[in-house]
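Peer 1: Protein chains in written order, with the working numbering: chain A, 3 to 76; chain B, 185 to 535.
Where is the CB? At the ideal position from N, CA and C, for every residue including glycine.
Got a structure here, written out as structure tokens. Questions coming.
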Ligand code: SF4
């Protein structure tokens, strides 16, 4: 039930909603809990709400943490 | 695949250890079973499932309350799909007419807005991933002056259940695989308290690789004598979580005791409406207290949720109790441990 999926933000509206793209489909979702998102951002969507911005720069953060495991990669 | 092989090698390289790890979240339970993660672990490393299946911990009395409300005239009951098949005393939500599956609590609010003469009740189940969104929906209902909308406040919070498990002498958990999407909202730091119990944890994503990496990090940390809560899901999990969402949650709700199915009352592990939002409480609006209903006889769900039993130890498992004819919620929910164990029988559940 706690599953959340990454989607891309298309645009934001003043009423606290956003249009996002999920698998080629445009959805209107709530963005009121994530004031810092902007069009073009990738975000995590759960039960009709954006719950967090995806930090793409940090996508490799975990790799850093276990770098001895993947030595020489990335 | 290459990386999975590398991790298996690395796990072997960690030397001999025996450890019991618990995955807290039902979505992890399913991913672990589907990907056969247990079969990839070194001998001596055991994985047990925890309490993080929202449907599984919803009490029989709460299920019955939802069913009773759906029987009332002029009520539309909106629920996440996972609740539809849980058996009550007489029937299930899926057999009833005035029930609608929604993906978002906002859909329920839209239903209420469409027909103001009908009462729309949302079945509020779930953990910290979901409850802040329900709180935000309640605030939205107030903002839009939608008065025919209410919520059954059956949410539960994870830390108190973990405290109960970690302090139980019958179970000994060395490390926790912490729920990734709960942590998006609560933040990693929310789980720091587990180190008080000598336990480590790792916040993990849901792919096979994420889970294996998490297990590796836990075991490596243990070998080095570390006790800490690591974050291996940094793209979306911050130390402090989503503060706006957590503030919204506690503007609308406050902590109270809650009955966990098969476990009993866990102090401060539930959420009730704050005084200012009482008018959205479906229990008050319909003057319907939650009845006290015993668990189905013999069902071991409560013990399974606390990491004390495994599904094959239940006398009903796979015979009387199957996903087609479930007796207990751990078999009903698509993310319940009994359902996972039934669907992927090749997976060895070790004692
Ligand atoms: S197999 Fe069925 S009866 Fe047994 S513990 Fe699981 S859900 Fe309960």
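Find the residues of chain B that neighbour residue 6 (chain A), judging by a C-beta separation of less than 9 Å, and give them in chain order.
Peer 2: Mapped onto the first chain, residue 6 (chain A) falls at position 4. Those within 9 Å of residue 6 (chain A) in chain B are 313, 364, 365, 368 and 420.
Peer 1: Please list the residues of the stretch 257–290 of chain B that have a C-beta atom closer than 8 Å to any C-beta atom in chain A, keeping them in chain order.
Peer 2: Those would be 264, 266, 287, 288, 289 and 290, in chain order.
Peer 1: I need the straight-line Cα distance from residue 443 (chain B) to residue 229 (chain B), nearest angstrom please.
Peer 2: Numbered from its first residue, the second chain carries residue 443 (chain B) at position 259. Numbered from its first residue, the second chain carries residue 229 (chain B) at position 45. Spanning the two alpha carbons is a distance of roughly 32 Å.
Peer 1: By how many angstroms is the C-alpha of residue 264 (chain B) removed from the C-alpha of residue 291 (chain B)?
Peer 2: The residue labelled residue 291 (chain B) in the question sits at position 107 within the second chain. The residue labelled residue 264 (chain B) in the question sits at position 80 within the second chain. Taking the straight line from one Cα to the other gives about 11 Å.
Peer 1: Taking Cβ to Cβ, would you say residue 316 (chain B) is nearer than 8 Å to residue 236 (chain B)?
Peer 2: Position 132 of the second chain, counted from the start, is the residue given in the question as residue 316 (chain B). Position 52 of the second chain, counted from the start, is the residue given in the question as residue 236 (chain B). The answer is no: Cβ separation not under 8 Å.
Peer 1: Strictly below 9 Å CB to CB, what residues from chain B border residue 57 (chain A)?
Peer 2: Position 55 of the first chain, counted from the first residue, corresponds to residue 57 (chain A). Result: 418, 419, 420 and 422.
Peer 1: Identify the continuous beta strand (DSSP E) that holds residue 493 (chain B) and give its terminal residues.
Peer 2: Residue 493 (chain B) sits at position 309 when you count from the first residue of the second chain. No beta strand (DSSP E) contains residue 493 (chain B), which DSSP labels as neither H nor E.
Peer 1: Using the C-alpha atoms, what's the distance from residue 35 (chain A) back to residue 502 (chain B)?
Peer 2: Here residue 502 (chain B) refers to the residue found at position 318 when the second chain is read from its first residue. Here residue 35 (chain A) refers to the residue found at position 33 when the first chain is read from its first residue. Spanning the two alpha carbons is a distance of roughly 43 Å.
Peer 1: Counting only C-beta atoms, is residue 50 (chain A) closer than 8 Å to chain B at any point?
Peer 2: Locating residue 50 (chain A) in the first chain gives position 48, where the first residue counts as 1. At least one chain B Cβ lies under 8 Å of residue 50 (chain A).
Peer 1: Buried or exposed: where does residue 76 (chain A) fall if 16 or more other Cβ atoms within 10 Å of its Cβ makes it buried?
Peer 2: For the purposes of this step, residue 76 (chain A) is taken as the residue at position 74 of the first chain. Reliability of the predicted coordinates at residue 76 (chain A) is poor, the pLDDT of 40 falling under 50, and no value is obtained from them.
Peer 1: Is there at least one non-hydrogen atom of the ligand SF4 closer than 7 Å to the beta-carbon of residue 477 (chain B)?
Peer 2: Working through the second chain from its first residue, we reach residue 477 (chain B) at position 293. Every heavy atom of the ligand SF4 is 7 Å or more from the Cβ of residue 477 (chain B), so no.
Peer 1: With residue 431 (chain B) as the anchor, note down where its alpha helix (DSSP H) starts and where it stops.
Peer 2: Here residue 431 (chain B) refers to the residue found at position 247 when the second chain is read from its first residue. 427–436 is the extent of the alpha helix (DSSP H) around residue 431 (chain B).
Peer 1: When every heavy atom of the ligand SF4 is checked, does at least one fall within less than 7 Å of the C-beta of residue 515 (chain B)?
Peer 2: The residue you call residue 515 (chain B) lines up with position 331 of the second chain. Yes, the Cβ of residue 515 (chain B) comes within 7 Å of a heavy atom of the ligand SF4.
Peer 1: Could you check what DSSP says for residue 401 (chain B) in three-state terms: helix, strand or coil?
Peer 2: For the purposes of this step, residue 401 (chain B) is taken as the residue at position 217 of the second chain. Looking at residue 401 (chain B) - three-state DSSP - the assignment turns out to be helix.
Peer 1: Let me check you understand the geometry: is the CB of residue 483 (chain B) closer than 7 Å to at least one non-hydrogen atom of the ligand SF4?
Peer 2: As a working note, residue 483 (chain B) is residue 299 in the second chain. Within the cutoff, so yes.
Peer 1: Quick one: which residues of the stretch 328–355 of chain B get their C-beta closer than 9 Å to a C-beta of chain A? List them in chain order.
Peer 2: Here the close residues number zero.
Peer 1: So, at 7 Å on beta carbons, what are the nonlocal neighbours of residue 198 (chain B) in its own chain, with the 5 sequence-adjacent residues on each side left out?
Peer 2: Along the second chain, read from residue 1 onward, the residue named residue 198 (chain B) stands at position 14. Excluding positions up to five away in sequence, the list reads 403, 404 and 407.
Peer 1: Taking buried to mean at least 16 other C-beta atoms within 10 Å of its own C-beta, is residue 64 (chain A) buried or exposed?
Peer 2: Mapped onto the first chain, residue 64 (chain A) falls at position 62. Its pLDDT being 47, under 50, residue 64 (chain A) is placed unreliably by the model, and the measurement read from it follows with that caveat. Buried is the call here.
Peer 1: Could you tell me whether any Cβ in chain B is nearer than 8 Å to the Cβ of residue 28 (chain A)?
Peer 2: Locating residue 28 (chain A) in the first chain gives position 26, counting from the first residue. Residue 28 (chain A) does not count as touching chain B.
Peer 1: Thinking C-alpha only, which one of B:505, B:332 and B:346 is nearest residue 469 (chain B)?
Peer 2: As a first step, residue 469 (chain B) is located in the second chain; it is residue number 285 there, counting from the start. Nearest of B:505, B:332 and B:346 to residue 469 (chain B), Cα basis: B:332.
Peer 1: Identify which residue in B:243, B:257 and B:492 has its Cα closest to the Cα of residue 446 (chain B).
Peer 2: To locate residue 446 (chain B), count along the second chain from 1; it is residue 262. Residue 446 (chain B) has its Cα closest to that of B:243, out of B:243, B:257 and B:492.
Peer 1: If we count the other Cβ atoms within 10 Å of its Cβ and call it buried at 16 or more, is residue 517 (chain B) buried or exposed?
Peer 2: What you label residue 517 (chain B) is simply residue 333 of the second chain in a count that begins at 1. Buried, by the Cβ-count rule.
Peer 1: Residue range of the alpha helix (DSSP H) that residue 522 (chain B) falls in?
Peer 2: Locating residue 522 (chain B) in the second chain gives position 338, where the first residue counts as 1. Looking at the DSSP string, the run of the alpha helix (DSSP H) that includes residue 522 (chain B) is 521–527.
Peer 1: Checking 8 Å against the spacing of the C-beta atoms, do residue 221 (chain B) and residue 392 (chain B) come in under that value?
Peer 2: Locating residue 221 (chain B) in the second chain gives position 37, counting from the first residue. Locating residue 392 (chain B) in the second chain gives position 208, counting from the first residue. Going by C-beta atoms, residue 221 (chain B) is nearer than 8 Å to residue 392 (chain B).
Peer 1: Exposed or buried, residue 41 (chain A), counting other C-beta atoms within 10 Å across all chains shown (16 or more means buried)?
Peer 2: Reading the first chain from its first residue, position 39 is the one you call residue 41 (chain A). Exposed, since its Cβ has fewer than 16 Cβ neighbours within 10 Å.
Peer 1: Going straight from the alpha carbon of residue 351 (chain B) to that of residue 381 (chain B), what length do you get?
Peer 2: Translated into the one-based positions of the second chain, residue 351 (chain B) becomes position 167. Translated into the one-based positions of the second chain, residue 381 (chain B) becomes position 197. Their backbone Cα atoms lie some 7 Å apart in a straight line.
Peer 1: I'd like to know if the stretch 8–26 of chain A and the stretch 364–383 of chain B are in contact, where contact means that at least 3 CB-CB pairs between them fall below 8 Å.
Peer 2: No contact exists between the stretch 8–26 of chain A and the stretch 364–383 of chain B.
Peer 1: Do residue 288 (chain B) and residue 50 (chain A) count as a contact pair if the criterion is CB distance below 8 Å?
Peer 2: The residue labelled residue 50 (chain A) in the question sits at position 48 within the first chain. The residue labelled residue 288 (chain B) in the question sits at position 104 within the second chain. In contact: residue 50 (chain A) and residue 288 (chain B) (Cβ atoms closer than 8 Å).
Peer 1: Please identify the residue among B:203, B:389 and B:478 whose C-alpha is closest to the C-alpha of residue 215 (chain B).
Peer 2: Here residue 215 (chain B) refers to the residue found at position 31 when the second chain is read from its first residue. It is B:389.
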